[in-house]
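Student:
Numbering (this note's numbering), first residue to last: 4 to 335.
1) Quick check on the DSSP output: what are the complete beta strand (DSSP E) runs of length 3 or more inside the region 244 to 280, in order along the chain?
2) Within the same chain, show all residues whose beta-carbon is closer than 8 Å to that of residue 3, passing over the 5 residues directly before and after it, in chain order.
3) Which residue comes first and which comes last in the beta strand (DSSP E) that contains residue 312?
4) Taking all protein chains shown into account, do 16 or more other C-beta atoms lie within 10 angstroms of the C-beta of residue 40, making it buried, or fewer, making it exposed?
5) Below 8 Å between beta carbons: does that hold for residue 332 and residue 279?
6) Pull up the DSSP beta-bridge partners for residue 25, would you.
7) Please classify residue 174: is it buried, with 16 or more other beta-carbons within 10 angstroms of its beta-carbon, or exposed?
8) From the DSSP output, in three-state form, read off residue 107 for me.
9) Less than 8 Å between the CB atoms is what I'm expecting for residue 249 and residue 303, so what's the real figure, rounded?
10) Quick one: what's residue 289 bridged to in DSSP?
11) Which same chain residues end up closer than 8 Å to residue 236 when comparing Cβ atoms and leaving out the 5 residues on each side of it in sequence?
12) Name the two residues that bound the continuous beta strand (DSSP E) containing residue 48.
13) Could you give the DSSP three-state label for residue 323: helix, strand or coil?
14) How should residue 313 be labelled, buried or exposed, when 16 other C-beta atoms within 10 angstroms of its C-beta is the threshold for buried?
15) Taking the alpha-carbon of residue 28 as reference, which of 98, 62, 310 and 16 has the nearest alpha-carbon?
16) If the criterion is Cβ atoms closer than 8 Å, does the pair residue 60 and residue 82 meet it?
17) State the start and end residues of the unbroken alpha helix (DSSP H) segment that holds residue 10.
18) At a cut-off of 7 Å, is residue 10 close to the ligand SAH when judged by its beta-carbon and the heavy atoms of the ligand?
19) Taking Cβ to Cβ, would you say residue 246 is nearer than 8 Å to residue 305?
20) Would you tell me roughly how many angstroms separate the C-alpha atoms of residue 37 and residue 94, rounded to the nearest one?
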C-alpha cells in the first residue's frame, strides 16, 4: 500500500530536491520548514544530527553561510540557532546603513550650489551620535569621552603588568610569559606568507613616521576589496565571527596572514568611529593588487569575549564581506 502511494520514483525525485535545496530569497525559518519537510520524506539522506546540520548549512544564502560555516555543529538545532542569529544581525546592520544613507541624503540638498558636486562628494565623516544611542561613553574607563582619547586605552602590558604601554614596547624587555591560548587554523598555501616576507612586512611598518623613507607596507591575504574577483567561502581556511568594535557588533575576519588590521570605511562612518589622517601613507598588498591607505582609526576598542584590546585599524574604502579584519599586529 505504501509503495503504491509513495513509489521509488517519487523518493528519488525528493532525494534530488533535498540535495539541491537552497535558501535563495527565503528567510531562514522558511528555508528550515522546506528542509525539514523534505528530510521527513527521505530521512535516509541524512541519518545523523551532524549530517543534517552540514546539509542545512550548505544550502544557506551566501551572506549567512559565510558567517556560519566556520563553526562546527554537532546538532541540527545548533546550526539553525546560529543561522537565525546571523540573519538577525545582518538585518540590524542593514537598518543602520539605510538610516545612515537616508540621513546623508537629507543633508545633500543644503550643501553646495551644484547638485552634481554634492552627490559626488558625500558629507565629511559625521560626528553626531546615531539615533537611539545616548552620549558615547568610554569603553575603557566609563567616562563621557571617546575611547580614542582615553588615558587608559593602551591597557596593561602583558610582560610587566604596568599600564601605559604594550608588550612590544615594554622597557623591561625579555621573553613574554607563556599563556594557554587556542591555536588558529592553518592558512592555505596560496594565502600563507613566507617567513622572510612575514618579518619584512612587520619591519617595514615604522613605529614613528619618517619623511625620508618610502611608504610602509602591510599585507592581507584572506581579505578582499570589492574590485577583486570573489573567492568561494569553502576555499578559505580562516576564522570568521562577531566581535564588538567600539561597542558595536561587527562581522570580523581573523586573518593570520595579514600583517595589519583593517576596518570598512562605511562601517566606521555609520557607527561614528573617529577616522584620522595619518602622517605616512601605507602600501597594502592584497590578492593580486596593491593600494595606498592613509586614513586610520586609532586605539579603536575591540572586544572578544571578556577581553578588550585597543587596535589601530587601517581604513579601506570598500572592504567586501566583513566589517573588520584583524591581523597579527593586534596580538603583538
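Ideal Cβ positions, reconstructed from N, Cα and C, are used throughout, including at glycine.
Values in this document were obtained by computation on a predicted structure and should not be read as measured data.
Tutor: On the basis of the data shown:
1) 251 to 257 and 264 to 267
2) As shown, the chain starts at 4 and ends at 335. That puts residue 3 outside it, with no answer to give.
3) 310 to 319
4) exposed
5) no
6) Residue 25 pairs with nothing; no bridge assigned.
7) exposed
8) helix
9) 6 Å
10) 292
11) Here the model assigns residue 236 a pLDDT of 40, short of 50, so the residue's position is not dependable, and the following value carries that caveat. For residue 236, where only same-chain residues beyond five positions count, the Cβ hits under 8 Å are 65, 68, 69 and 72.
12) Residue 48 -> no beta strand (DSSP E), and no H or E assigned at all.
13) In the three-state DSSP reduction, residue 323 falls in the coil class, being neither helix nor strand.
14) buried
15) 62
16) In contact: residue 60 and residue 82 (Cβ atoms closer than 8 Å).
17) Segment: none, residue 10 is in no alpha helix (DSSP H) and carries neither H nor E.
18) With respect to the ligand SAH, the structure shown offers nothing to examine, as it has no ligands at all.
19) At a Cβ-Cβ threshold of 8 Å, residue 246 and residue 305 count as neighbours.
20) Cα to Cα, the separation comes out at about 22 Å.
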